[in-house]
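The next block holds one structure in the form of structure tokens; read it before the comments.
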Amino acid sequence: MDTITGAKILVTGPNSSVGLPVALDLATRNEVWGVARFGNADLRARLEAGGVHCETVDFATADFTGLPDDFDYVCNFAVARGGDGDWDRDLAANGEAVGLLLARCRRATAFLHCSSTAVYQPAGAHPLAETDSLGDNHRAMFATYSIAKIASEVVARTACRQFGVPTTVARLNVPYGDHLGWPWFHLKMMEAGLAIPVHPDRPNRFNPIHADDIVRQVPWLLAAASVPATVVNWAGGPATVEEWCGLIAELTGLEARFEETERTIGSVTTDNTRMHALVGPAEVDWRTGITRMVAANR
Ligand SMILES: NC(=O)c1ccc[n+]([C@@H]2O[C@H](COP(=O)([O-])OP(=O)(O)OC[C@H]3O[C@@H](n4cnc5c(N)ncnc54)[C@H](OP(=O)(O)O)[C@@H]3O)[C@@H](O)[C@H]2O)c1
Numbered sequence: 005m006d007t008i009t010g011a012k013i014l015v016t017g018p019n020s021s022v023g024l025p026v027a028l029d030l031a032t033r034n035e036v037w038g039v040a041r042f043g044n045a046d047l048r049a050r051l052e053a054g055g056v057h058c059e060t061v062d063f064a065t066a067d068f069t070g071l072p073d074d075f076d077y078v079c080n081f082a083v084a085r086g087g088d089g090d091w092d093r094d095l096a097a098n099g100e101a102v103g104l105l106l107a108r109c110r111r112a113t114a115f116l117h118c119s120s121t122a123v124y125q126p127a128g129a130h131p132l133a134e135t136d137s138l139g140d141n142h143r144a145m146f147a148t149y150s151i152a153k154i155a156s157e158v159v160a161r162t163a164c165r166q167f168g169v170p171t172t173v174a175r176l177n178v179p180y181g182d183h184l185g186w187p188w189f190h191l192k193m194m195e196a197g198l199a200i201p202v203h204p205d206r207p208n209r210f211n212p213i214h215a216d217d218i219v220r221q222v223p224w225l226l227a228a229a230s231v232p233a234t235v236v237n238w239a240g241g242p243a244t245v246e247e248w249c250g251l252i253a254e255l256t257g258l259e260a261r262f263e264e265t266e267r268t269i270g271s272v273t274t275d276n277t278r279m280h281a282l283v284g285p286a287e288v289d290w291r292t293g294i295t296r297m298v299a300a301n302r
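Here this note's numbering is used: the first residue of the sequence shown is 5, the next is one more, and so on.
Take a look at the structure:
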């Protein structure tokens with residue numbers, strides 16, 4: 005399924021960095037509803053100008069009763085990753101909310117739950133497959149994130165079976181684009197003369213995936229949904245932090261200065277065999293994507 009047309013689609017977190025291009029793209033051919041708290045009025049206005057119908061819902065309380073219950077597809081990009089370690093709120097907003105959302109949308113043809121490779125136990129340069137050990141690899145930066153994402157996967161898997169809604173749990177690696185993601189953040193740090201934190205267990209290898217590939221693969225991921233849920237890595241690459249910062253330095257003349265610290269995320273690189281079989285590979289080579297990102301920002 006390379007495109008979806010004429011459907012009624014709910015996108016949660018349509019104002020997130022990953023969800024925004026997806027919601028705007030889907031809204032060119034479909035009736036798209038977006039839910040979030042919409043603290044940023046500019047982003048809400050941008051979505052509405054792009055045809056997205058925005059409704060305010062706080063996932064911490066997760067009252068979805070004001071929403072229609074006849075969505076054809078649901079794409080869940082909302083994530084609460086408060087850095088304050090409020091476990092109760094973050095498990096409610098990331099876990100309980102997913103079950104209540106699936107219950108509300110039980111008539112949907114497919115549900116895409118955006119997860120993260122933050123769910124894996126770090127394993128250095130070993131490419132992590134969907135069957136590998138789970139762990140808490142984001143603790144150094146976001147206290148609740150990895151465990152809340154694992155919890156949300158389990159709730160999505162359970163609700164998928166309970167309500168019979170075909171579901172895909174897609175574990176996104178490093179999403180990036182012209183104005184989003186970790187590489188973009190590194191560009192901004194380099195412009196500010198800041199050192200890039202890297203884990204001492206070098207090289208720091210990930211699988212960056214460009215926003216164009218994310219947008220292009222959403223319909224395929226929805227088509228891959230099943231009961232019980234399909235669980236799949238969602239990734240491009242591989243490339244190391246050192247490599248992409250090196251390329252940014254080469255293209256801009258900025259210095260790529262690294263600072264080794266345990267208080268950052270170490271390598272999380274993925275085996276993308278299942279993804280390639282289900283939805284095909286990412287098409288934007290990381291060097292091309294980073295070059296485009298630099299050109300868009302300088
Ligand atoms: N960014 C990455 O590097 C990365 C990597 C791997 C996976 N992912 C996954 O990609 C998805 C999107 O991540 P992102 O980084 O693009 O997100 P983001 O930019 O941090 O945005 C978070 C989104 O969640 C919404 N949200 C947060 N708390 C909420 C609440 N209590 N109620 C309702 N909505 C709430 C936000 O809207 P409001 O604040 O307006 O409510 C916003 O739309 C997530 O599933 C994330 O786990 C991201």
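Here a beta-carbon is modelled for each residue, glycine too, at the ideal position from N, C-alpha and C. All values reported here derive from a predicted model rather than from experimental measurement.
**Message:** Could you compute how far the alpha carbon of H130 sits from the alpha carbon of R278?
**Reply:** 16 Å
**Message:** Could you check whether A233 and R161 sit closer than 8 Å to each other, using their CB atoms as the reference points?
**Reply:** yes
**Request:** Using only the heavy atoms of ligand 1, determine whether one of them is closer than 7 Å to the beta carbon of A49.
**Result:** The answer is no for A49.
**Item:** Every unbroken alpha helix (DSSP H) inside the region 198-228 [4 residues or more]
**Value:** 215-227
**Asked** Do you know offhand how far A196's Cα is from V83's?
**Response** Cα to Cα, the separation comes out at about 28 Å.
**Request:** Report the residue from N34, I13, S20 whose alpha carbon sits nearest the alpha carbon of Y180.
**Result:** S20
**Message:** Let me check you understand the geometry: is the CB of K192 closer than 7 Å to at least one non-hydrogen atom of ligand 1?
**Reply:** K192 has its Cβ no nearer than 7 Å to any heavy atom of ligand 1.
**The beta strand (DSSP E) enclosing N237, as first and last residue numbers** = Here the beta strand (DSSP E) through N237 covers 234-238.
**Request:** Take D29 and list the residues in its own chain whose beta-carbon comes closer than 7 Å to its own, dropping the five residues that flank it on each side.
**Result:** Answer for D29: V219, listed in chain order.
**Rounded distance between the beta-carbons of W224 and G303, thought under 8 Å** = The question about residue 303 has no answer, for the chain in this structure spans 5 to 302.
**Pairwise C-alpha distance: E100 and P126** = 26 Å
**Message:** So, for P201: in the same chain, excluding its five sequence neighbours on each side, which residues have a beta-carbon less than 6 Å away from its beta-carbon?
**Reply:** E263, T265, T268
**Prompt:** Is there at least one non-hydrogen atom of ligand 1 closer than 7 Å to the beta-carbon of D62?
**Reply:** For D62, the distance from the CB to the nearest heavy atom of ligand 1 is below 7 Å.
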